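The next block holds one structure in the form of structure tokens; read it before the comments.
2 protein chains.
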Amino acid sequence: MANDKPARRPRAETPKGFRDYFGAEVTERKAMLDKITAVYHRYGFDPLETSGVETVEALGKFLPDVDRPNEGVFAWQDEDADWLALRYDLTAPLARVAAQYRNDLPSPYRRYAMGPVWRNEKPGPGRFRQFYQCDADTVGSGSVAADAEICAMLSDALEAAGIERGDYVIKVNNRKVLNGVMEVAGIAGDDKEAERGIVLRAIDKFDRLGEGGVRALLGEGRKDDSGDFTKGAGLSEAQAEKVMGFVNASRIVESELRDGPPRPDDRIPGGMGLTVSNPTEQSEHAGRLWNWAVLDHLMRLVGTTDIGFEGIKELGEIADLLKGQGYGPDRIRIDPSVVRGLGYYTGPVYEAELTFEILDEKGRKRQFGSVAGGGRYDDLVKRFTGQSVPATGVSIGVDRLLAALRAKGRGVADSAGPVVVTVMDRDRMADYMGMVGELRAAGIRAEVYLGNPKNFGNQLKYADKRQSPIAVIQGGNEAAAGTVILKDLILGAKIAASATLEEWKDRPAQVEIPRADLVAAVQRMLAQ
Amino acid sequence: MANDKPARRPRAETPKGFRDYFGAEVTERKAMLDKITAVYHRYGFDPLETSGVETVEALGKFLPDVDRPNEGVFAWQDEDADWLALRYDLTAPLARVAAQYRNDLPSPYRRYAMGPVWRNEKPGPGRFRQFYQCDADTVGSGSVAADAEICAMLSDALEAAGIERGDYVIKVNNRKVLNGVMEVAGIAGDDKEAERGIVLRAIDKFDRLGEGGVRALLGEGRKDDSGDFTKGAGLSEAQAEKVMGFVNASRIVESELRDGPPRPDDRIPGGMGLTVSNPTEQSEHAGRLWNWAVLDHLMRLVGTTDIGFEGIKELGEIADLLKGQGYGPDRIRIDPSVVRGLGYYTGPVYEAELTFEILDEKGRKRQFGSVAGGGRYDDLVKRFTGQSVPATGVSIGVDRLLAALRAKGRGVADSAGPVVVTVMDRDRMADYMGMVGELRAAGIRAEVYLGNPKNFGNQLKYADKRQSPIAVIQGGNEAAAGTVILKDLILGAKIAASATLEEWKDRPAQVEIPRADLVAAVQRMLAQ
Chain F
1 MANDKPARRP
11 RAETPKGFRD
21 YFGAEVTERK
31 AMLDKITAVY
41 HRYGFDPLET
51 SGVETVEALG
61 KFLPDVDRPN
71 EGVFAWQDED
81 ADWLALRYDL
91 TAPLARVAAQ
101 YRNDLPSPYR
111 RYAMGPVWRN
121 EKPGPGRFRQ
131 FYQCDADTVG
141 SGSVAADAEI
151 CAMLSDALEA
161 AGIERGDYVI
171 KVNNRKVLNG
181 VMEVAGIAGD
191 DKEAERGIVL
201 RAIDKFDRLG
211 EGGVRALLGE
221 GRKDDSGDFT
231 KGAGLSEAQA
241 EKVMGFVNAS
251 RIVESELRDG
261 PPRPDDRIPG
271 GMGLTVSNPT
281 EQSEHAGRLW
291 NWAVLDHLMR
301 LVGTTDIGFE
311 GIKELGEIAD
321 LLKGQGYGPD
331 RIRIDPSVVR
341 GLGYYTGPVY
351 EAELTFEILD
361 EKGRKRQFGS
371 VAGGGRYDDL
381 VKRFTGQSVP
391 ATGVSIGVDR
401 LLAALRAKGR
411 GVADSAGPVV
421 VTVMDRDRMA
431 DYMGMVGELR
441 AAGIRAEVYL
451 GNPKNFGNQL
461 KYADKRQSPI
471 AVIQGGNEAA
481 AGTVILKDLI
491 LGAKIAASAT
501 LEEWKDRPAQ
511 VEIPRADLVA
521 AVQRMLAQ
Chain R
1001 MANDKPARRP
1011 RAETPKGFRD
1021 YFGAEVTERK
1031 AMLDKITAVY
1041 HRYGFDPLET
1051 SGVETVEALG
1061 KFLPDVDRPN
1071 EGVFAWQDED
1081 ADWLALRYDL
1091 TAPLARVAAQ
1101 YRNDLPSPYR
1111 RYAMGPVWRN
1121 EKPGPGRFRQ
1131 FYQCDADTVG
1141 SGSVAADAEI
1151 CAMLSDALEA
1161 AGIERGDYVI
1171 KVNNRKVLNG
1181 VMEVAGIAGD
1191 DKEAERGIVL
1201 RAIDKFDRLG
1211 EGGVRALLGE
1221 GRKDDSGDFT
1231 KGAGLSEAQA
1241 EKVMGFVNAS
1251 RIVESELRDG
1261 PPRPDDRIPG
1271 GMGLTVSNPT
1281 EQSEHAGRLW
1291 NWAVLDHLMR
1301 LVGTTDIGFE
1311 GIKELGEIAD
1321 LLKGQGYGPD
1331 RIRIDPSVVR
1341 GLGYYTGPVY
1351 EAELTFEILD
1361 EKGRKRQFGS
1371 VAGGGRYDDL
1381 VKRFTGQSVP
1391 ATGVSIGVDR
1401 LLAALRAKGR
1411 GVADSAGPVV
1421 VTVMDRDRMA
1431 DYMGMVGELR
1441 AAGIRAEVYL
1451 GNPKNFGNQL
1461 KYADKRQSPI
1471 AVIQGGNEAA
1481 AGTVILKDLI
1491 LGAKIAASAT
1501 LEEWKDRPAQ
1511 VEIPRADLVA
1521 AVQRMLAQ
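Heads up: the sequence lines are chains F and R, in that order. First residue of the first sequence: 1, per the numbering used here; consecutive thereafter. First residue of the second sequence: 1001, per the numbering used here; consecutive thereafter.
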């Protein structure tokens, strides 16, 4: 019986938006995460590993009353009618765990977690639907000391991973200050939620739209290049000015510090009694002045509102706590320019930026930018228990940080290929396996060629593909003479690439040695 | 407007069949996997990390023409109509990768992989729907040297993980020998597939049913305790005898070696020219004799069939190769009792068993059993490319091996709690954070108490829950005097548990030391 439709072969393809990681891509990430988690461990954080699958109900973004709740997540219906989904971050599972085990976990609970998360989004260049996150959170502490600790730990973790001091800065802001801005701008009321949303989105677009674009969105609205009109928040000139004073805070303070007279002292005005710093050493003066000047600027902007004042006070406390541990504004500083994710957070927010420049895909220089961010969120556990639980934490963008380390030529793990023992005589496979056994016992990465040994050229091509430093060769003559030949493939590649053999003549790329000296001779050649 | 149905709070629960891993559960597994992968690395294996999600088409067990192909896997339909699924093992993704990148990967390709896999099965005690696997495979080598290498590597990996020599044995069998058994039993033909299936399942049930039960299934059939009848393969007495000779091979050889006369030499009969071993040393005699005697027994059983003879020859070669590297039958031995997964494999199969006894859930002693298994499979890549690619590999049951290490009291990672700096005076938080900063800088795991500091008892309870070795205390008096108090919580617990204080009187559980000596004094106390 003939089939009219012969079965098509399955496609050997990763699903759209997913990718595979090979060799050094895996080991380098692991080496980086090992260094980061060693810091987390030293800070008293414990590891937590939840499964990749959660109930949609626990993830919380989606409701089981729609037919297919997979907007943004990968979801499916379990046989018993529960909707399940792949976790989209590590914070939602933490909230579930904090509620589920609330009677057993220490409080406060410091935990770190790392692993893949999944997003059901349109993939793009460099955007994948599975990627790594590495988080650290403290659940159950309302103290800003917990926020300060996360910032200090993030600073230590970045340096442990290989980002040098001076190549990064952690910027700290406070959601409460922004709430104060909304209040002084007269859009704090319950009836102004729409306006606040427009203002938030406008602030968030500053980098792209510039001051003019943001001002247009704060006012009547903005027509973009394509002619599309986006409705604005309808603020008056005076209201918009308040918001812009916040948006531009960092730049205003920067120019004041550069051009203006030195400040007479470094007390925060308004009698708060916060001693942010006392610049005794000239070298630290500018840095310490920064935090003071920013808080001063914010105080003038929103210090008259309760919520704004509280936010500024918290920022001052954070700066004080960090100073007590030696983290100056060169590493961690108050900076109102951090706005990302503000809608999600309830208090201090922080973001780690890498300050060195790289070339983008078009060859233009640009700052590397953000590699980690987080802040205080007090309502995630409440969903489950009805009780508000204060929490704060950070998430490191693992792939971005790894890309940064590669851009700086750091973070490269040991990716040396193995010594390859070639097979000249198929019947003496046991001898060749004995050789690799000896090499491995001495801690040397080694393998025997396991393909078809007929074509010796293929064996050397294989060794080349494996980035092997040395090929070991023993044919019948050598076996009879009790010797082996070592071929220095690194030197061989250099000779092949060089115009003249002259410079290499003192160092032969191939040596014949007694079989008994195999391990010692390989060790010598690897050490060269 | 009142809601008739107030929104129910979401349940804080892991989905059915999933679990969370805390603290030492995570670090101990990681420590074990780090040791295993270091061995894999030394053998020249490269890491590969594929994503958790594959197309159902690539996974291959399921067809997109049924409405919901989630039998055994978690699957869902992507927006563009592709069915996606969570991987159920690490071999199917490897086959996809080997086909997808066949022009770029070295050949043979040695890779290791580890990570979670998912099974959509009914969860049970100790059975979870997400669990870890750790695999190593060689793709592109048809040589039995590749199988021997995997067995040697598995032996090294088990010892590196902490399983002592003598506590495990790796048993090697060959699918081809079983095919020979089918042939001599007269059920090798295409028309006998049903019979072969019944025979395979019967062999697989030997441990549960015993010889009588298996014989019944080979014959007419078997009625179980509940009265249900299972139809047998309908073999004649003579046919069944051939199969039972295979099923009982290990036991027959064992009794022959124990009771029978010593063998005159250790050449395999039949003129194959395989020198399995030559027992020169008396201490190794019994072990070496084992492999010889098993092959001899199999030779008498199936040596007359081409396929059986080939299988025995391969087993002899594997034994020779391993002997050349010093792996005797005390670590790796030929053993026909390994049948699991035989349906899946095409050549040598192997399984690592732990030989020490543990107590089962009912308090009865039993052998720990299998922790890893694998074998040769030559057709997985063919699905994609149409070309057969020989491959062999092993999968370690990560959770089982970890349970074994715990049962032996090994493999316990550093799970010491942090030094806890308590908070006596909320206003001096910066001082307390300075203390933990100093301790951490000295490499000591330390944290400051971040909960509400009002109730000091709660702080000590917290330190207890954290398994903290030392609490650091500095109230106003100590601060004024420039001292801190160290409370030895381990000693304190011992004193509390002991009947008399007499034995502890020379070692105070609490000392007051100068603030400047904090790090040195903590180091001394931790070293005690």
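For each residue, glycine too, the CB sits at the ideal point set by N, CA and C. These numbers were taken from a predicted model, which means no experiment stands behind them.
Buried or exposed by the 16-neighbour rule on C-beta atoms within 10 Å, applied to Ala81(F): Exposed is the call here.
Where Phe45(F) falls, given that 16 or more other Cβ within 10 Å makes a residue buried: buried
Close Cβ partners of Leu1084(R) (< 8 Å) along its chain, the five nearest in sequence each way excluded: Val1053, Glu1054, Thr1055, Val1056, Ala1075, Trp1076, Gln1077, Asp1078
Where Asn1174(R) falls: helix, strand or coil (DSSP): strand
Gly1311(R) classed as buried or exposed, judged by whether at least 16 other C-beta atoms fall within 10 angstroms: buried
Partner residues on chain F for Arg1445(R), Cβ-Cβ distance less than 9 Å: His41, Arg42, Tyr43, Gly44
Cutoff 8 Å: Arg1096(R) Cβ touching any chain F Cβ: yes
Selected residue, minimal CA-CA separation from Lys515(F), among Ala527(F), Gly476(F), Ile490(F): The sequence given here places Arg at residue 515(F); Lys does not occur at that position. Minimum Cα distance to Arg515(F) is reached at Gly476(F).
Exposure label - Asp1004(R); buried when at least 16 CB within 10 Å: For Asp1004(R), the pLDDT reaches just 49, beneath the cut-off of 50, and the residue's location in the model is therefore unreliable, leaving the point undetermined.
Under the three-state DSSP convention, the category Asn1103(R) falls into: coil
Within chain R, the residues that Asp82(F) reaches when beta carbons sit closer than 9 Å: At a C-beta separation below 9 Å, Asp82(F) has these neighbours in chain R: Pro1015, Lys1016.
Span of the alpha helix (DSSP H) around Met1032(R): 1024 to 1042
Chain-order list of residues whose beta-carbon lies under 7 Å from that of Asp136(F) (same chain, five-residue window excluded): The question names Asp, but residue 136(F) in the sequence shown is Ala. When the five nearest sequence neighbours on each side are left out, the beta carbons in the same chain lying within less than 7 Å of the beta carbon of Ala136(F) are those of Tyr40, Phe45, Tyr112, Ile150, Met153, Gly393, Val394, in order along the chain.
Closer than 7 Å at the beta carbon, the chain R residues around Met429(F): Ala1145, Leu1321
Chain-ordered neighbours of Gln325(F) on chain R, where CB pairs are closer than 7 Å: Met1433, Gly1434, Gly1437
Segments assigned alpha helix (DSSP H), at least 4 residues, entirely inside the region 181 to 252 of chain F: 193 to 204, 206 to 218, 237 to 247
In DSSP terms, what Asn120(F) is bridged to: Gly72(F)
Thr355(F) and Tyr168(F) closer than 8 Å at C-beta: The Cβ atoms of Thr355(F) and Tyr168(F) lie closer than 8 Å to each other.
Buried or exposed (CB count within 10 angstroms, at least 16 for buried), Ser1337(R): A residue is called buried when at least 16 other Cβ atoms come within 10 angstroms of its Cβ; Ser1337(R) meets this threshold and is buried.
Burial state of Lys487(F), where buried means 16 or more other Cβ atoms lie within 10 Å: buried
Short CB-CB distance (under 8 Å) between Pro1279(R) and chain F: Per-residue confidence for Pro1279(R) stands at a pLDDT of 38, beneath the threshold of 50, marking its modelled position as unreliable; no derived number is given.
Neighbour flag for Ser388(F) against chain R, beta carbons, 8 Å: Using beta-carbon distances, Ser388(F) does not count as an interface residue toward chain R, since no partner is under 8 Å.
Ser370(F) - containing alpha helix (DSSP H), residue span: Where Ser370(F) is concerned, there is no enclosing alpha helix (DSSP H), although the beta strand (DSSP E) it sits in stretches over 365 to 376.
Separation of Val398(F) from Lys1030(R), as counted between CA atoms: 19 Å
Residue burial classification, Ala471(F) (beta-carbon count within 10 angstroms, cutoff 16): Answer is buried; the Cβ neighbour count reaches 16.
Within-8 Å CB hit, Leu1526(R) to chain F: No, no contact with chain F.
Ala185(F) and Gln239(F) closer than 8 Å at C-beta: Between Ala185(F) and Gln239(F), the C-beta gap is smaller than 8 Å, which places the two residues in contact.
At least 3 beta-carbon pairs within less than 8 Å: the region 1344 to 1351 of chain R vs the region 1372 to 1382 of chain R: Yes, the region 1344 to 1351 of chain R touches the region 1372 to 1382 of chain R.
CB of Pro1453(R) within 8 Å of CB of Gly1417(R), strictly: No; because the gap between Cβ atoms is not below 8 Å, this pair is not in contact.
Rounded Cβ spacing between Ala446(F) and Leu439(F) (contact assumed at less than 8 Å): Yes, Ala446(F) and Leu439(F) are in contact; Cβ-Cβ is about 4 Å, under 8 Å.
CB contact flag (Ala99(F), Phe384(F), <8 Å): yes
Where the beta strand (DSSP E) containing Glu1357(R) begins and where it ends: 1348 to 1359 is the span of the beta strand (DSSP E), which, as asked, contains Glu1357(R).
Distance between Ala479(F) and Lys1192(R) (C-alpha atoms, nearest Å): 50 Å
Val1097(R) to Arg9(F) span [Cα, whole Å]: 15 Å
Chain-ordered neighbours of Phe1456(R) on chain F, where CB pairs are closer than 9 Å: At a beta-carbon threshold of 9 Å, none of the residues of chain F lie near Phe1456(R); the nearest stands roughly 15 Å away.
Members of the region 1048 to 1059 of chain R near chain F, C-beta cut-off 8 Å: Leu1048, Glu1049, Thr1050, Ser1051, Gly1052, Val1053, Glu1054, Thr1055, Glu1057, Ala1058
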